[in-house]
Amino acid sequence: MNRPLPTRARTLASEVNAAMESEPSAAGPAEPQRSQRRASDRPQRPRTMTSTEEIDNTITRPGSVRINVKGAFIVDPDTSTPAPGLAQGTGNDRGSPTHRETSDIRLPNHTAVVSHIAVDIGGSLIKLVYYSREVDSTDPGGRLNFQIFETDRVDDCVEYMKHLRDKQLELNGSQHGALCVMATGGGAYKFYDKIRDALGVDVLREDEMECLIIGLDFFITEIPREVFTYSETDPMHFVSPRENIYPYMLVNIGSGVSILKVTGPRSYQRVGGTSLGGGTLWGLLSLLTGANTFDDMLEQAATGDNAKVDMLVGDIYGTDYGKIGLKSTAIASSFGKVFRIKKAAEAGAANGIQEDTSTTDVGFTDGDISRSLLYAVSNNIGQIAYLQSQIHNLSDIYFGGTFIRGHRQTMNTLSYAIKFWSKGEKQAYFLRHEGYLGAVGAFLKRQPINWGRRGSFEANDDLANWRKSHKGGVAA
């Protein structure tokens with residue numbers, strides 16, 4: 001039985017209506033008022049119009065539209081697409097009440113119709129990417145929009161995609177089923193029948209790892225102010241888009257962790273990973289603390305003090321261990337103080353000194369626990385990433401995935417781990433759209449040859465020739 005859109009989803013639907021109603025359709029302008037304006041009231045700047053033939057070609061060949069990324073930039077967060085569930089009065093919505101707002105990407109020079117959307121369905125979260133025209137704007141171009149849903153709320157994501165499908169039919173005058181869904185991630189297989197039956201459109205399943213690489217290559221080479229380095233002294237130092245990006249290593253942190261060695265366009269090898277990822281942190285903290293969402297846990301970690309839970313080098317030596325480069329604040333043992341503190345509290349309770357031995361009464365809080373476990377998982381990932389980069393002689397290490405979420409402690413821990421173990425010889429990089437690599441890669445998967453400014457997406461023949469001249473890469 002179909003359920004109505006939740007309150008927040010309906011709000012998002014109205015926003016999408018506004019964003020897409022300025023899109024020209026095959027039948028004519030979407031807004032009657034616009035056609036009634038006097039010529040003197042219209043903008044004087046030239047704009048490229050989409051021809052009827054181009055629209056028809058897009059409809060009959062979903063996904064084959066050429067994306068124009070000239071002048072692309074990340075918009076001000078205040079004008080970004082709101083994340084589902086973040087508006088007031090929507091606490092009971094089933095969109096995604098957990099995720100921070102993600103800034104849209106403005107494509108001021110793209111005017112062609114886009115008749116496909118992309119979705120990356122992971123074990124914990126669903127990432128959705130779609131294109132829309134500007135809201136209440138006469139300027140050409142549009143935006144890449146980013147939305148996120150929890151995977152156990154897949155029905156709400158499907159309802160949202162149905163709304164996008166309906167607007168596609170209404171505005172472009174296309175035939176039923178013209179919208180194409182590009183799907184990746186494990187859920188592209190698990191929920192294939194559900195999405196196809198609910199939407200009545202083609203669902204094209206794409207390889208997860210390949211989509212990650214395509215998405216990351218796009219962000220590295222095409223989008224200004226996307227990639228950055230992080231440190232406590234220079235929290236967000238942006239790296240300009242560049243052409244020569246290979247080889248590099250991608251550490252994608254979702255529910256679990258996959259580590260990929262990338263030696264060229266769509267030439268990669270999964271060299272390692274770990275089951276201790278975002279799902280581990282989420283699961284353990286849901287047992288150990290009162291947090292209900294992943295972002296709740298991150299907020300708790302931001303205010304916690306891991307020194308109340310972890311055994312530090314200073315607790316053992318009383319000072320730094322300078323001979324091997326360890327500060328007194330370095331973690332010697334994650335959760336190393338808990339057993340001793342807990343036993344002391346229980347002994348006190350047995351002697352009538354203390355009645356309650358819950359975690360809130362033994363000297364540490366939920367925030368302390370959250371910060372300790374966040375550091376434990378992040379440090380583990382950072383060290384594994386460094387070791388893999390050593391084995392494969394890679395200096396550029398990109399961290400992606402929804403585990404990071406722009407969280408300061410997480411990025412600082414990963415960056416510090418790479419810098420410490422490599423003695424400054426390797427560099428950790430982060431992205432503003434770190435959780436959408438796979439979804440963006442799926443969105444771009446069916447683009448034509450050399451559509452980007454720097455040809456960041458190559459044809460199969462070009463790839464074959466490239467691989468012949470670079471036999472070191474392992475193609476998947």
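The opening position of the sequence shown corresponds to residue 1 in UniProt numbering, with each subsequent residue numbered one higher.
All C-beta atoms in this analysis are idealised placements derived from N, C-alpha and C, irrespective of residue type, glycine included.
Three-way DSSP call (helix, strand, coil) for residue i in this model
{"i": "residue 295", "result": "helix"}
{"i": "residue 145", "result": "strand"}
{"i": "residue 337", "result": "coil"}
{"i": "residue 110", "result": "coil"}
{"i": "residue 246", "result": "coil"}
{"i": "residue 206", "result": "coil"}
{"i": "residue 327", "result": "coil"}
{"i": "residue 316", "result": "helix"}
{"i": "residue 270", "result": "strand"}
{"i": "residue 230", "result": "coil"}
{"i": "residue 425", "result": "coil"}
{"i": "residue 163", "result": "helix"}
{"i": "residue 364", "result": "coil"}
{"i": "residue 252", "result": "strand"}
{"i": "residue 200", "result": "coil"}
{"i": "residue 406", "result": "coil"}
{"i": "residue 302", "result": "helix"}
{"i": "residue 115", "result": "coil"}
{"i": "residue 193", "result": "helix"}
{"i": "residue 76", "result": "coil"}
{"i": "residue 36", "result": "For residue 36, the predicted structure reports a pLDDT of 40, less than 50, and the residue's modelled location is therefore unreliable. The matter cannot be settled from this model."}
{"i": "residue 104", "result": "coil"}
{"i": "residue 378", "result": "helix"}
{"i": "residue 343", "result": "helix"}
{"i": "residue 480", "result": "The chain is shown only over 1 to 476; residue 480 falls outside these bounds and no answer can be derived."}
{"i": "residue 133", "result": "strand"}
{"i": "residue 223", "result": "coil"}
Length of the line joining the Cα atoms of residue i and residue j
{"i": "residue 70", "j": "residue 110", "result": "8 Å"}
{"i": "residue 165", "j": "residue 185", "result": "21 Å"}
{"i": "residue 427", "j": "residue 347", "result": "48 Å"}
{"i": "residue 408", "j": "residue 417", "result": "14 Å"}
{"i": "residue 410", "j": "residue 432", "result": "14 Å"}
{"i": "residue 272", "j": "residue 68", "result": "35 Å"}
{"i": "residue 293", "j": "residue 307", "result": "24 Å"}
{"i": "residue 212", "j": "residue 436", "result": "8 Å"}
{"i": "residue 106", "j": "residue 142", "result": "6 Å"}
{"i": "residue 127", "j": "residue 168", "result": "20 Å"}
{"i": "residue 220", "j": "residue 183", "result": "22 Å"}
{"i": "residue 47", "j": "residue 74", "result": "Confidence is the limiting factor: at residue 47 the pLDDT is only 38, short of 50, which leaves the residue's position unreliable and the question unanswerable from this model."}
{"i": "residue 425", "j": "residue 393", "result": "11 Å"}
{"i": "residue 267", "j": "residue 395", "result": "17 Å"}
{"i": "residue 284", "j": "residue 303", "result": "18 Å"}
{"i": "residue 232", "j": "residue 195", "result": "44 Å"}
{"i": "residue 434", "j": "residue 129", "result": "13 Å"}
{"i": "residue 381", "j": "residue 351", "result": "43 Å"}
{"i": "residue 430", "j": "residue 230", "result": "8 Å"}
{"i": "residue 264", "j": "residue 210", "result": "12 Å"}
{"i": "residue 287", "j": "residue 102", "result": "28 Å"}
CA nearest to the CA of residue i, picked from the options
{"i": "residue 187", "options": "201, 170, 365, 150", "result": "150"}
{"i": "residue 332", "options": "341, 340, 321", "result": "321"}
{"i": "residue 140", "options": "122, 189, 152, 113", "result": "113"}
{"i": "residue 251", "options": "423, 399, 414", "result": "399"}
{"i": "residue 261", "options": "193, 245, 270, 255", "result": "270"}
{"i": "residue 223", "options": "394, 72, 281, 337", "result": "72"}
{"i": "residue 386", "options": "373, 154, 421, 371", "result": "421"}
{"i": "residue 413", "options": "285, 301, 133, 226", "result": "301"}
{"i": "residue 289", "options": "325, 327, 370", "result": "370"}
{"i": "residue 444", "options": "121, 218, 247, 147", "result": "218"}
{"i": "residue 390", "options": "423, 372, 363, 373", "result": "423"}
{"i": "residue 138", "options": "196, 108, 153", "result": "108"}
{"i": "residue 328", "options": "120, 244, 316", "result": "316"}
Pair within 7 Å by beta-carbon distance, residue i and residue j
{"i": "residue 277", "j": "residue 257", "result": "yes"}
{"i": "residue 313", "j": "residue 291", "result": "no"}
{"i": "residue 249", "j": "residue 397", "result": "yes"}
{"i": "residue 115", "j": "residue 216", "result": "no"}
{"i": "residue 206", "j": "residue 442", "result": "yes"}
{"i": "residue 366", "j": "residue 309", "result": "no"}
{"i": "residue 477", "j": "residue 104", "result": "Residue coverage of the chain in this structure runs from 1 to 476, which leaves residue 477 outside it and unanswerable."}
{"i": "residue 123", "j": "residue 255", "result": "yes"}
{"i": "residue 117", "j": "residue 158", "result": "no"}
{"i": "residue 373", "j": "residue 281", "result": "yes"}
beta-carbon residue i near the ligand COA non-hydrogen atom, thresh 6 Å
{"i": "residue 388", "result": "Because no ligand of any kind appears in the structure shown, any question about the ligand COA cannot be addressed here."}
Handout entry: Validate contact between the stretch 403-423 and the stretch 369-387 using beta carbons, cut 8 Å, 3 pairs
Key = yes
Exercise for the section: Could you say if the stretch 229-239 and the stretch 193-212 meet the contact criterion of at least three C-beta pairs nearer than 8 Å? Expected result: no
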